[in-house]
Ligand code: SF4
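Numbering (this note's numbering), first residue to last: 4 to 447.
Written as C-alpha cells, this is what we have:
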C-alpha cells in the first residue's frame, strides 16, 4: 500500500515535470514568433551584433575601464565597493542594510549566483522579490527556467494553486487575477521598505551611470526606496559609455522577449537631491538618499584571463536556451540553479561552488551536467555574441575524464552518449505528455 502511494507520487512528479516543460516550450515559441515578426524592425541587426561583440571584447576584464567606471561613479556621489568573493559581497550587503530587516529586491542574476536571498533570509532579514515571475518562484520555492522569464515553465493553474495557499483564499487561474493579487501584495512591501536592491544591466564607465532595464515598472520603485538603493553587479557589466550600453540593451530586449524595445530604461547617475532652497544641498527627495554599488568579481577576473573568457561576453538574453534541443527536453535541470543551459553549466563549474544538495536530481556530480550537451552548436549559431559554448564544453569534458580514450574517440563517445540519453528522455517526455492529455480528457 505504502509502495503504491510512493510510486504514484513519483509518477505524479514526472507528469508535473513534463507539463512544465510543455509550458516552457509554449512560452519560448511565443518569444521566437515575436522575434520573427519584429526582426525587420531593428535597423542593421547584424551590424549591431558585431558592434556589441567588439565592445565586449574590449570591455571584459579591462581593468583600466573598470577603474575609470569606479572613478566616474564616485564623482557622481555613488558609493562603490569591490567584492572579490561571494562571501565578501554578502557581507557588504549586510553592512549596507545597517539593521534594516526588510529588503525589496528586483531581478538580478548576480544575487542568485551568490545565494544572497538564502543567506539574508537565514539571518532573519525578509527579502521580497518584486518581479512577478521571481515572486512566484519565491512562493513556489522553485528555480527559474529563463533569465528574463523565470516562471516560463509554470502553468497558470499551478501558480493559482500556490497562491491560493499563500493568500489563504481561492485564486482564479487567470493571468490577470494572479498579477493583480501579486501587484497588491508587492506594493505593500514596497511602501514599507526603506532599502531596495537591484542588479544592473550595464554600468557606463564614461558617465558613471547604472542602466536598469525592465518591463514591469517595479525596478524603479525598488531603486527609489527613501533610504538606500543597493546595486549589485558583476564586474563584467562595465561598458565604455551609455551609447554602447544602449546597443546591448536593444539586443538584449529583442533576444530575451522578441520586442523591439523594453517598457523602461532607467539611467541612474547619482542619488536623489535638491539645492532649490537657498542652494543648500539636501539629499533624498523622491528617490534614494544614498546609492551604493557593489561590483562583484567572484572568479570573473580569473575567467577573463583564461581560455574561457568568452563566457563573460554573455548579456543574459537567454537566446541560447530558446534554441537548445537539450534544454527543450531537460528544461531547467540542464543547468545549476539560476545558471541555465550549456553556457550556464560551464559558467557555474568555473565560477561557483555548487553544493551537492543544489545539484539537479539527474546529476551525481556537477560534471555530469556536461554529458547532456549534444554538441549541435545551435546555441553558438543563435547567440547574438556567437559565444562558442560547445567548444568550451568539449574542453571541460576532456579535462574532467580519466584519460582512457584519445580526444577524438572521447568526443565520439560523448556525442553518442548524449544523443542516446536525449532520445530516451524525449520519448519518455512525449509519453508522459500523452498520458497527461488522456487524464485531462478523461476528467472533462
Ligand atoms: S551545443 Fe549543447 S548547449 Fe549548445 S544548443 Fe547544442 S545541446 Fe544546447
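From the three backbone atoms N, C-alpha and C, an ideal C-beta is built for every residue, glycine too.
Select from the options the residue whose C-alpha is nearest the C-alpha of residue i.
| i | options | result |
| --- | --- | --- |
| residue 389 | 14, 55 and 28 | 55 |
| residue 183 | 168, 202 and 163 | 163 |
| residue 207 | 289, 177, 425 and 252 | 252 |
| residue 132 | 429, 62, 82 and 193 | 193 |
| residue 254 | 279, 302, 205 and 281 | 205 |
| residue 186 | 134, 172, 429 and 85 | 134 |
| residue 158 | 23, 413 and 304 | 23 |
| residue 420 | 347, 329 and 351 | 329 |
| residue 322 | 265, 386, 351 and 264 | 386 |
| residue 429 | 12, 170 and 375 | 375 |
| residue 39 | 380, 190 and 259 | 259 |
| residue 424 | 399, 409 and 371 | 371 |
| residue 381 | 124, 344 and 201 | 344 |
| residue 34 | 117, 121 and 151 | 151 |
| residue 147 | 311, 347 and 410 | 347 |
| residue 393 | 444, 433 and 311 | 311 |
| residue 91 | 79, 171 and 118 | 118 |
| residue 202 | 333, 443, 445 and 113 | 113 |
| residue 160 | 172, 81, 169 and 177 | 177 |
| residue 262 | 320, 77, 278 and 190 | 320 |
Mark residue i as exposed unless 16 or more other C-beta atoms lie within 10 angstroms of its C-beta, in which case mark it buried.
| i | result |
| --- | --- |
| residue 21 | buried |
| residue 327 | buried |
| residue 285 | exposed |
| residue 349 | buried |
| residue 431 | exposed |
| residue 308 | exposed |
| residue 225 | buried |
| residue 14 | exposed |
| residue 110 | buried |
| residue 124 | exposed |
| residue 53 | exposed |
| residue 137 | buried |
| residue 179 | exposed |
| residue 43 | exposed |
| residue 29 | exposed |
| residue 153 | buried |
| residue 120 | buried |
| residue 195 | exposed |
Using C-beta distances below 7 angstroms, list every residue in its chain close to residue i, excluding the 5 sequence neighbours before and after it, in chain order.
| i | result |
| --- | --- |
| residue 418 | 378 |
| residue 391 | 313 and 383 |
| residue 1 | Because the chain in this structure spans residues 4 to 447, residue 1 falls outside the shown range and cannot be described. |
| residue 59 | 316 and 388 |
| residue 115 | 340 and 341 |
| residue 198 | 100, 103, 106, 228, 230, 231 and 233 |
| residue 241 | 62, 68, 69, 72, 206 and 208 |
| residue 413 | 401 and 404 |
| residue 174 | 163, 166, 167, 180, 181 and 184 |
Can you give me the Cβ contacts of residue i inside the same chain, cut-off strictly under 8 angstroms, excluding the 5 residues immediately before and after it?
| i | result |
| --- | --- |
| residue 223 | 215, 217, 267 and 269 |
| residue 275 | 227, 286, 287, 288, 289, 290, 291 and 292 |
| residue 245 | 207, 209, 210, 212, 214 and 270 |
| residue 104 | 127, 128 and 129 |
| residue 31 | 149, 155, 324, 325 and 331 |
| residue 165 | 139, 142 and 143 |
| residue 358 | Confidence at residue 358 is low in this model, with a pLDDT of 49, below 50, so the placement of that residue should be treated as unreliable; the coordinate-derived value is given next. If we look at residue 358 and ignore the five residues flanking it on each side, it has no Cβ neighbours. |
| residue 408 | 416 |
| residue 398 | 310 |
Near residue i, what residues of its chain come up, given a Cβ to Cβ distance below 6 angstroms and the 5 sequence neighbours on each side ignored?
| i | result |
| --- | --- |
| residue 318 | 251 and 255 |
| residue 243 | 208 |
| residue 108 | 130, 132 and 200 |
| residue 12 | none |
Report yes if the C-beta of residue i is less than 8 angstroms from at least one heavy atom of the ligand NAD; otherwise report no.
| i | result |
| --- | --- |
| residue 53 | Although the ligand NAD was asked about, the structure shown includes only the ligand SF4 as ligands. |
Would you say residue i faces chain D, with C-beta separation under 9 angstroms as the test?
| i | result |
| --- | --- |
| residue 205 | Protein chains in the displayed structure number just one, and chain D is not present. |
Worksheet item: Any chance the stretch 93 to 105 sits against the stretch 66 to 78, with 3 or more Cβ pairs inside 8 angstroms?
Response: no
Worksheet item: Closer than 5 angstroms from C-beta to any heavy atom of the ligand SF4: which residues, in chain order?
Response: 327, 329, 345, 376, 377, 379, 381, 382 and 393
Practice prompt. Kindly confirm or deny that the stretch 228 to 243 and the stretch 287 to 302 touch, where touching means at least three C-beta pairs closer than 8 angstroms.
Written response: yes
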